[in-house]
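*Asks:*
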Amino acid sequence: MLEQGDAIPDVTLKDAEGVDFTLHGYQGKPLVVYFYPKADTPGCTNEAKDFTALADEYAAAGVPVIGISKDKPAKLKKFAEKYGLTVILASDEPGTVCEAFGTWVEKSLYGRKYMGIERATFLVGADGKILRVWPKVKVKGHAEEVLGAVTAL
67 MLEQGDAIPD VTLKDAEGVD FTLHGYQGKP LVVYFYPKAD TPGCTNEAKD
117 FTALADEYAA AGVPVIGISK DKPAKLKKFA EKYGLTVILA SDEPGTVCEA
167 FGTWVEKSLY GRKYMGIERA TFLVGADGKI LRVWPKVKVK GHAEEVLGAV
217 TAL
């Protein structure tokens, strides 16, 4: 997994409308990038709703929030509409961005091993370097904790 001080990779994602964009397009201002396993599941929904609830405070700090999963853009669009989400949802369907950030990992559930996205958040500085990493995120209170780090910049 990428660590504090690492530069974010130059990667391309699709937004919920299916339009390509890059994380490097956000250079010049701080950025929050969070990875979540699957849209419209309980933990992922709560996380997206928590970031959305604080969207005005993130915007006031000038820090966009981008949530990344391997879901298709159409599913992300339905997810956003269903819950009124205002964070940017991005599709990494091929998994190249998850691989580049190191969030595509082996997981285990009831003794069964499988590959999946580790819930993780990265606070990126205006220079494109990672300022802080939250690996193995627990959803409750996480968006508030990240906002605290953002406002301390």
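The numbering of the sequence shown is my numbering, which starts it at 67 and goes up by one. Every residue gets a Cβ at the ideal spot worked out from N, C-alpha and C, and that includes glycine.
Can you list, in chain order, the residues of its chain with a C-beta nearer than 8 Å to that of LYS179? Leave out the 5 residues immediately preceding and following it.
*Replies:* Excluding residues within five positions, the ones whose Cβ falls inside 8 Å are GLU172, LYS173.
*Asks:* State the Cα-Cα distance for the pair GLU147 and TYR176, rounded to the nearest angstrom.
*Replies:* Going from the Cα of GLU147 to the Cα of TYR176 covers about 33 Å.
*Asks:* Taking DSSP as the reference, what is the three-state secondary structure of LEU97?
*Replies:* LEU97: strand per DSSP, three-state reduction.
*Asks:* Measuring only the C-alpha atoms, how far is GLY128 from ASP122?
*Replies:* Taking the straight line joining both Cα atoms gives about 10 Å.
*Asks:* Just grab the DSSP bridge partners of VAL63 for me.
*Replies:* There is no way to answer for residue 63, as the model of the chain reaches only from 67 to 219.
*Asks:* DSSP puts ALA73 in a beta bridge; with which residues?
*Replies:* For ALA73, which the question treats as bridged, DSSP gives the partners LYS195.
*Asks:* Determine, using beta-carbon pairs with one atom in the stretch 69-89 and one in the stretch 105-120, whether at least three such pairs fall under 8 Å.
*Replies:* Short answer: they don't touch.
*Asks:* Measuring CB to CB, does PRO103 end up less than 8 Å from ARG185?
*Replies:* Their beta carbons are under 8 Å apart, which means PRO103 touches ARG185 by this criterion.
*Asks:* So if DSSP puts ASP86 in a beta bridge, which residue, or which two residues, is it bridged to?
*Replies:* According to DSSP, ASP86 bridges with LYS80.
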